[in-house]
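The block underneath contains the structure these notes are about, expressed in structure tokens.
Residue numbers (our numbering): 396 to 483.
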């Protein structure tokens, strides 16, 4: 399965999900001074803040890409991987 990710300024990447070797989960919270903007926060704040959203740094091959919380199929695939991961 491939996911399609936009990479500014003018590229789309097709990433084979089987080639992903690491996903870093980060959290971001809305910037009260600039609606629509977010800034990263630590894990504890991200877990307790109801407004926080998950962001994923996806590593594949020798590259990586960041996915912010969006309503698209690529994000949903990564979110499903996150939700099905075993806790260690």
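Glycine included, every Cβ here is placed at the ideal spot set by N, Cα and C.
In this text, all values refer to a predicted model and were calculated from it rather than measured experimentally.
Does the distance from the C-beta atom of residue 423 to that of residue 405 stay below 9 angstroms?
Taking C-beta atoms as the reference points, residue 423 and residue 405 fail to come closer than 9 angstroms.
For residue 456, which residues of its own chain have a beta-carbon under 7 angstroms away from its beta-carbon, when the five flanking residues on both sides are left out?
Result list for residue 456: 414, in chain order.
Can you tell which of 459, 454, 451 and 426 has the C-alpha that lies nearest to the C-alpha of residue 444?
Comparing Cα positions, the closest option is 426.
Who pairs with residue 452 in a beta bridge, going by DSSP?
Residue 452 pairs with 419 and 461.
Would you identify the three-state DSSP class for residue 345, choosing helix, strand or coil?
Any question about residue 345 goes unanswered here, given that the chain covers just 396 to 483.
Tell me which residue opens and which closes the alpha helix (DSSP H) that residue 483 is part of.
It is not in any alpha helix (DSSP H) - residue 483 carries neither H nor E in the DSSP assignment.
Taking residue 421 as the reference, which of 453, 402, 432 and 401 has the closest Cα?
Taking each of 453, 402, 432 and 401 in turn and checking the Cα distance to residue 421, the smallest one comes out for 453.
Span of the alpha helix (DSSP H), counted from its first residue to its last, around residue 441
Annotation: the continuous alpha helix (DSSP H) that includes residue 441 extends over 438-443.
Rounded to a whole number of angstroms, what is the C-alpha to C-alpha distance between residue 460 and residue 417?
Approximately 11 angstroms, taken between the alpha carbons.
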